[in-house]
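For the protein sequence lines, the chains are A and B, in the order given.
Taking my numbering, I'd label the letters of the first sequence as residues 390 to 640.
Taking my numbering, I'd label the letters of the second sequence as residues 853 to 1272.
From the three backbone atoms N, C-alpha and C, an ideal C-beta is built for every residue, glycine too.
Predicted, not measured: the structure shown is a model, and the values here were computed from it.
Everything below concerns the one structure shown next.
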Amino acid sequence: MVNQSVKARCNMFGVLKNIEYLVVNDKECANLVAGKKIAIQFNVKGGPSANLSFDNGKAEMKHGKHKSNISLFFKSPEHFNKMVDGEANPIPVKGFTKIGFLTGPFTQLADKLGFYLKPTKELLANKDYFKANTEMTAYAAFHALCEIANYDPAGMSQAKQLHDGDLLVAVTNGPSITISVKSGKLTAKKSSCSNPRAILSFSSLEVAHKILNNELDTFTAMGLGDMSMRGFIPMVEHIDPILGMVANYLA
Amino acid sequence: MEVYKNDKSIELFKRAVKVLPTGIPGHLGPVQSQFIPTSDFPFYADRVKDSHFWDIDGNEYIDYMCAYGPNVLGYNNDIVDQAALAQMKKGNCMALPGALQVDLAELLVDTIEIADWSFFMKNGGDATSFAVMVARAETSREKIIRVEGGYHGVAPWTQGRGNAGVATADVSNNIIVPWNDVEAVKRAVEANPGEIAAFISCPYDHRVFQDNVLPAEGYWQAIRKICDDNGIILIIDDVRCGFRLDLAGSAKYFGFKPDLACYCKALANGYNISAVVGREGLKGAASNVFFTGSYWSSAVPMAAAIACITEMRKINAPKIMIERGEKLTSGLVEIGKSYGIDMKISGVPSMFYMRIANEDSLFMQQEFCAECTKRGAFFVSHHNHFTNCSLTDADIKKTLEIADIAYSIVAKNNPDKLRK
């Protein structure tokens, strides 16, 4: 069952967070924010708060309330989720003089998110697009996973069985994500870690793409050696059912 | 020493994934079995005898998983197989149960301390589900107390909230308490007065991935008293431990008497049968629960069970398996020590759990098991292992030779983790 508040968190910290990736890896997006120093506060009634800031060509999405130039209010998690789906608009409550950034660069960044996260067969044939799509899908999925683990009742039930430590999710010769567990709470960061307690690895970006898009199941991939897990496996075992919930939340 | 290859296993697995979900469904699959890395482990067995199996690539292994427990006298034990074959010639699945059903029930009643009656089914999960239903039928209550990490099969009620295919309602009557925590059980009972039908647990904590933990002094006696004081049925899931600790029941080994006990793995040396036994007062409730299956009265597994139990009694099977386990594990610990590797053994020796304790993950453990397996000693890294009565001194000697090589490789690859 999809909880709208948890879905809002997944959209906020899974999908929108990918703007961090876009402004670094997509030239058009980099140009949109070049020289800009601005922060947007998102406040969802009955849902999450987050702050998306742009500075020196980089973006950062932070949990909670922080200093901002623009503040956007959403009446409910449903309202926010509809905004992400392009079916509703936010309510600006601060920063009317900066509204141009919202209607201009930010809207274009949001459009680019949709471009990369809603692939077509033709687009995926392009090597660069394929890489961006897979990496962004992975980042969205594993960041959303943390929100589900921390806020969805079934996810929390699994998460509380996790032992403390770092799970490294890595693509061979590719990107890594570290999921850290402490007292049943999960956080994710887009980097490797030096002392993981368990490692879940994909042999290639292609395998990761298939897994993330439900074109290949993890059991088959592991049996065939396309995926592997090592270390303290209960970390993987209890995260796997949560990962299974991600598709419902990001659908 | 030869390092095995598994080319035929891999080729067959490639065919399998096209027509079987996960390729090998269930706990024998390479992922569930923690074959890490998968390339170092066989996927398919070709034949078995005593403590050995041969995979489809022709590699021979000394098997310490014993088919996850059913191999108790030795694979293809002649006494058991001859009894099964003789019954097969007479009949197996028939319109009526064979007379052996009564013989087997009488034998279990005579063997297991608390048994006044027996009820037969096929798998351990059937037995635990039936036992819970009997408890509910007897008490007219719905909730059960389970122990964290306890494995009672794969029925939805035994699984976790959030697991694929499990509804919240399936697990809503479960109250989970930590192992060895009498106070937690007391609190659960006090918080749910008159609502708890059963306390179900394995005889000791033999969960996967962690050191196994025996009951604390007085634990079971305290649980028995709480159950008695509150009208709660005490169920022992002896599916895995059964007959490997004490033929009269693992409860007898730990000095208490449950109301119901579930058996499966070692019951018939690999023939498919499980059982619930219980005290006289619960026979009525067991009669009222409608629980059956197409093959539950099949006579061949019953013939095998009678032969198996009779033989286990004759040779004192638990004593043999415990002694074999002690010999093997003491050797593993000693050799490990010589390399600076702390191999920690836990649980009862006939179903020992081993873990390299130099680190809090299982990287070295997985490497050790893989290096042993690809040289012919079949170990997995997550689960307790099993000894069986056919395990010889020569088997143990060869296993320790293999372990020596495996330790040397693990030590070489992990110099910074070794103990001085």
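| Item | Value |
| --- | --- |
| Buried or exposed: which applies to B/Pro1045, given that a residue is buried once 16 or more other Cβ atoms fall within 10 Å of its Cβ? | exposed |
| Closer than 8 Å by beta-carbon distance: list the chain B residues that pair up with A/Thr609, in chain order. | Val869, Thr874, Gly875 |
| Could you check the C-alpha separation between B/Ile1187 and B/Leu1097 for me, to the nearest Å? | 26 Å |
| What residue range does the alpha helix (DSSP H) around A/Cys535 cover? | 516 to 540 |
| Would you say B/Asp1033 lies against chain A (beta-carbon separation less than 9 Å)? | no |
| Output yes if chain A places a C-beta closer than 9 Å to the C-beta of B/Phe1215; else output no. | yes |
| In the structure shown, what three-state DSSP assignment does B/Gly1094 receive? | coil |
| I need the boundaries of the alpha helix (DSSP H) containing A/Asp500, first residue and last residue. | 496 to 506 |
| Quick check: what's the CA-CA separation for B/Glu912 versus A/Tyr638? | 48 Å |
| Could you check whether the Cβ of A/Ala636 sits closer than 9 Å to any Cβ belonging to chain B? | no |
| Of all the CB atoms in chain A, is at least one closer than 9 Å to the CB of B/Gly881? | yes |
| Could you tell me the distance, in whole angstroms, from the CA atom of A/Leu506 to the CA atom of B/Ile1261? | 45 Å |
| Between which two residues does the beta strand (DSSP E) harbouring B/Phe1142 extend? | It is not in any beta strand (DSSP E) - B/Phe1142 carries neither H nor E in the DSSP assignment. |
| Once the 5 residues before and after B/Phe1095 are set aside, which same chain residues still bring their CB inside 7 Å of it? | Val924, Ala1118, Met1164, Ala1169, Pro1170 |
| Tell me the DSSP bridge mates of B/Phe1051? | B/Ile997, B/Leu1086 |
| Could you list the residues in the stretch 1231 to 1243 of chain B with a C-beta less than 7 Å from some C-beta on chain A, going in chain order? | His1234 |
| Figure out for me which residue from B/Leu1252, B/Lys1272, B/Cys1114 has the closest Cα to the Cα of B/Ile966. | B/Cys1114 |
| Please compile the residues from chain E whose C-beta is within a distance smaller than 7 Å of the C-beta of A/Leu405. | The structure shown contains no chain E; its protein chains are A and B. |
| Quick check on the burial criterion: 16 or more other C-beta atoms within 10 angstroms. Buried or exposed for B/Gln934? | exposed |
| Tell me whether the beta-carbon of B/Asp930 lies closer than 9 Å to the beta-carbon of B/Asn858. | no |
| Please state the DSSP three-state secondary structure of B/Asp968. | coil |
| Kindly indicate if chain B contains any beta-carbon less than 9 Å away from that of A/Ala533. | no |
| Does B/Asn1064 come within less than 9 Å of chain A when only Cβ atoms are used? | no |
| In chain order, what residues of the stretch 576 to 589 of chain A put their CB closer than 7 Å to some CB of chain B? | Arg586, Ala587 |
| Counting only Cβ pairs nearer than 8 Å, list the residues of chain B close to A/Ala543. | Arg1013, Gly1014, Thr1020 |
| Using only alpha-carbon positions, find the residue among B/Gly1005, B/His1234, B/Tyr896, B/Val1029 that is nearest to B/Ala1043. | B/Val1029 |
| Do we get a CB-CB distance below 9 Å when we pair B/Gln886 with the residues of chain A? | yes |
| Let me confirm a value: B/Leu948 is counted as buried when at least 16 other C-beta atoms fall within 10 Å, else exposed. Which label applies? | exposed |
| Does B/Ile862 get closer than 9 Å to chain A when you measure Cβ to Cβ? | yes |
| Taking the beta carbon of B/Cys1160 as the centre, do at least 16 other beta carbons fall within 10 Å, making it buried, or is it exposed? | buried |
| Three Cβ pairs or more, each shorter than 8 Å: is that satisfied between the stretch 413 to 429 of chain A and the stretch 442 to 449 of chain A? | yes |
| Ordered along the chain, which non-local residues of its own chain (more than five positions away) have a Cβ less than 8 Å from that of A/Asn407? | Leu502, Tyr505, Leu506, Met525, Tyr528, Ala529 |
| Rounded to the nearest angstrom, what separates A/Glu467 and A/Leu512 at their Cα positions? | 30 Å |
| With a 10 Å radius around its C-beta and 16 neighbouring C-beta atoms as the bar for buried, classify B/Thr890 as buried or exposed. | buried |
| Given a threshold of 16 other Cβ atoms within 10 Å of its Cβ, counted over all protein chains shown, does A/Pro542 qualify as buried or as exposed? | exposed |
| Which runs of the beta strand (DSSP E) spanning at least 3 residues fall entirely within the stretch 429 to 477 of chain A, listed in chain order? | 438 to 444, 447 to 452, 459 to 463 |
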